[in-house]
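S.K.: Below you will find the structure I want to go over with you.
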Amino acid sequence: MRQGLRGPHGPHGSVPLLLPILVTAGLSLAGWAAWLGWDQHRDVQPDGTTTGPYEAWQVVGLVLTLLVPVSWAAWRHATGAVLGTTAGLTVAACYDWSDDASGLYGVGVGMVMLGTLAVTAGFSAVISSVIAPRIGRPG
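Per the numbering used here: the sequence shown = residues 42 to 180.
Right, dumping it as C-alpha cells:
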C-alpha cells in the first residue's frame, strides 16, 4: 500500500504529535512564570534557616493549572503531553535557577525534569488507557 504524501501520521504529517508538544511546552513555560517565576525571595526563619523561594500553594497551583492542558494533550497523543510538559518545565527551571551561586541548580533542574517526566508519563498513560477509549480520540 502506498502512503504517498500522507505519511504515517495521516494527511497532516507530524501535526498530531507536534501540536500537543508545542501547546503543553508553551503552557508549562507560562504556568511557571505565572506561579513560580515572580517569587525569588527566600524566607529566613527565626532559627536562621532559609526556606523557599516557593511556597507549597504555588507548586500546587502550577500542577492544577497544567492538569487540563496535559489531559487534552494526552487525549490527543500521550507522547506529546509527556515531551511538551517535561521540556517546558525543564527549560523554565533552567532559566529561572541559572543564576544560583551554589552551582547546584543543575541538580534541581534534573530533578524537575525526571519528576515531570515520571508524573506526566503516568498521568498520560491513565488518560490514554482509561479516558480516551471511552470518549474517542480526535481526528
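C-beta atoms are modelled at their ideal positions from N, C-alpha and C, and glycine is treated no differently. Remember, it's a predicted structure, so these values are computed and weren't measured experimentally.
At the level of alpha carbons, what is the spacing between valine 123 and glycine 156?
M.R.: Between valine 123 and glycine 156, the C-alpha separation is close to 11 Å.
S.K.: Over what stretch of residues does the alpha helix (DSSP H) that includes tryptophan 79 continue unbroken?
M.R.: Run containing tryptophan 79: none; DSSP gives neither H nor E here.
S.K.: Taking only runs of the alpha helix (DSSP H) that begin and end inside the region 69-146, which ones reach a length of at least 4 residues, in chain order?
M.R.: Runs found: 97-117, 119-138.
S.K.: If you draw a straight line from the alpha carbon of alanine 144 to that of isoleucine 176, how long is it in whole angstroms?
M.R.: Here residue 144 turns out to be glycine, not alanine, going by the sequence shown. About 47 Å.
S.K.: So proline 174 and glycine 121 are in contact, right, with Cβ under 8 Å, and what is the actual spacing, rounded?
M.R.: Not quite, the Cβ-Cβ distance comes to about 18 Å (not below 8 Å), so this is no contact.
S.K.: When burial is assigned at 16 or more other CB atoms within 10 Å of the CB, is threonine 91 buried or exposed?
M.R.: Exposed, because fewer than 16 other Cβ atoms sit within 10 Å of the Cβ of threonine 91.
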